[in-house]
Ligand SMILES: C[S@@+](CC[C@H](N)C(=O)[O-])C[C@H]1O[C@@H](n2cnc3c(N)ncnc32)[C@H](O)[C@@H]1O
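In the working numbering, the protein residues as written are -13 to 246.
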């Protein structure tokens, strides 16, 4: 199975549990909604829409727009509110089934870290109308570092994505021909009672790269105990931390007469 297919399967499997577990993701999406420009948009795309956290907020801001909610995990699209008036599209962000210059605004919350940005960002630029904005939230390096630290001593699996740093993201935006207008960064930490609930939560939002079941059977009891001890060593008075280094970006496709 390719890496992309594995990510897709992981999110499809998590779809039923996602909304209940993804409180940080909901907050990130809400903050991104607040950063959207007040424009008259004919077509708005929410790419990597998941279970549709942003649908109502996008509809409230762009009441007359065609709202396209795209995700490559069919079960995520199946979990949208049945009466929602968005058009759901099962599509991969690396190859969107949309015409050049046909979208007036792209919204994307916590999807792009799963993509090959050297393909997904030019694809966003391609479908944006010249001058149109793209607003996204993503995570940067240092995110989920507690998981890497805990597993680092016991196996050679990569347990988290190789998250980019901010200069690398900025360079990929430039290479894709997108102009960055505004970036906000902040650190958010979730706390868990124990290693098991931390890893289960990561799995419930579809973000686990090595399924917990596989992990526990292949690890063996002694290694699992080492992992738990390594998580416990990171414990604070609030519990075992899980860190997200968040970035919200407002950018646009340069238009005629735009020097960017
Ligand atoms: C962390 S969830 C975020 C979902 C939603 N935006 C939210 O804020 O709750 C990431 C979503 O991106 C989707 N995704 C990941 N890679 C994708 C790709 N290449 N094309 C389309 N969707 C993708 C996943 O299926 C998942 O629904």
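We put the beta carbon where it would ideally sit given N, CA and C, even for glycine.
Is there at least one non-hydrogen atom of ligand 1 closer than 7 angstroms to the beta-carbon of residue 79? Inclusion of residue 79 in the 7 angstroms shell around ligand 1 follows from its C-beta lying nearer than that to a non-hydrogen atom of the ligand.
So, helix, strand or coil for residue 244, using DSSP? Three-state result, residue 244: coil.
Considering only C-alpha positions, which residue in the set 151, 133 and 208 is nearest to residue 183? Closest option to residue 183, Cα to Cα, is 133.
If you draw a straight line from the C-alpha of residue 193 to the C-alpha of residue 167, how long is it? Whole-angstrom Cα-Cα distance: 29 angstroms.
Can you round the beta-carbon distance between residue 264 and residue 96 to whole angstroms, since I take them to be within the 8 angstroms contact cut? Lying before the first or after the last residue shown, residue 264 is absent from the chain, which here runs from -13 to 246.
For residue 314, the residue or residues it bridges with in DSSP: For the chain, the structure presents residues -13 to 246; residue 314 sits outside this window and is missing.
Is residue 150 helix, strand or coil when you go by DSSP? In the structure shown, the three-state DSSP call for residue 150 is coil.
Integer-rounded CB distance, given that residue 94 should sit under 8 angstroms from residue 113: For residue 113 against residue 94, the beta-carbon gap comes to about 12 angstroms, at or over 8 angstroms, which does not count as contact.
Looking only at DSSP bridge pairs, what is residue 89 linked to? Per DSSP, the beta bridge partners of residue 89 are 114.
Alpha-carbon to alpha-carbon, residue 212 and residue 236: C-alpha separation (whole angstroms): 42 angstroms.
Can the beta-carbon of residue 82 be found closer than 8 angstroms to that of residue 27? Result no, Cβ atoms of residue 82 and residue 27 do not sit closer than 8 angstroms.
At a threshold of 7 angstroms, does residue 92 count as lining ligand 1 (C-beta to nearest heavy atom)? Ligand 1 has no heavy atom closer than 7 angstroms to the beta-carbon of residue 92.
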